[in-house]
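If you're matching positions, the sequence shown starts at 1 in the UniProt record's numbering and goes up one per residue. Using N, Cα and C, we set each Cβ at its ideal position, and we do this for glycine too. Since this is a predicted model, take the numbers as computed values, not measurements. See structure below.
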Amino acid sequence: MTVPQVRDFIIIEEEDGEERQFAVDALFDVEDESYALLSSGDDLLLMRVEEEDGEQYLVGLDDPIERENILHAYEVAVESAPAE
1 MTVPQVRDFI IIEEEDGEER QFAVDALFDV EDESYALLSS GDDLLLMRVE EEDGEQYLVG
61 LDDPIERENI LHAYEVAVES APAE
C-alpha cells in the first residue's frame, strides 16, 4: 500500500505583487539558523526562517555563496540519514 505524501503549502508574494503557492519540501537547521526549502513546479527556493515577537517569517538569501553552502550542508545531511 502506498501512503500519499502530505505537504504543507504556503503563499509567497513576489516583488511585483504576484502571489505564488509553494510546497514546503524541508525545514532544517544549519549553524543555529533555520531554513525552508520550497518548490513550485520547476522553481526551488531556499529561505531563512526568522522569528520576531513570536512570529515566524521567511527571508530570501541574497548571497549566492551562503545559499550554496546551506544547500551543500543540507545535501550532506540527507545523504548521511536518508528518509525512509
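> Quick one, which of S80, E31, A77 and E75 has its alpha-carbon nearest R48's?
Replying inline: E31
>> So F28 and S40 are supposed to be a Cβ contact under 8 angstroms. How far apart are they, rounded?
In response: In fact, because the Cβ distance is near 19 angstroms, the residues do not count as touching under 8 angstroms.
>> Can you find the residues in the same chain that come closer than 7 angstroms, C-beta to C-beta, to Y57, ignoring five residues on each side of it along the sequence?
In response: E50
> Just reading off the alpha helix (DSSP H) that L58 is part of, what are its end residues?
Replying inline: It is not in any alpha helix (DSSP H) - L58 instead sits in the beta strand (DSSP E) that spans E55 to G60.
> Whose C-alpha, out of V59, E13, I12 and I10, is nearest the C-alpha of S34?
Replying inline: V59
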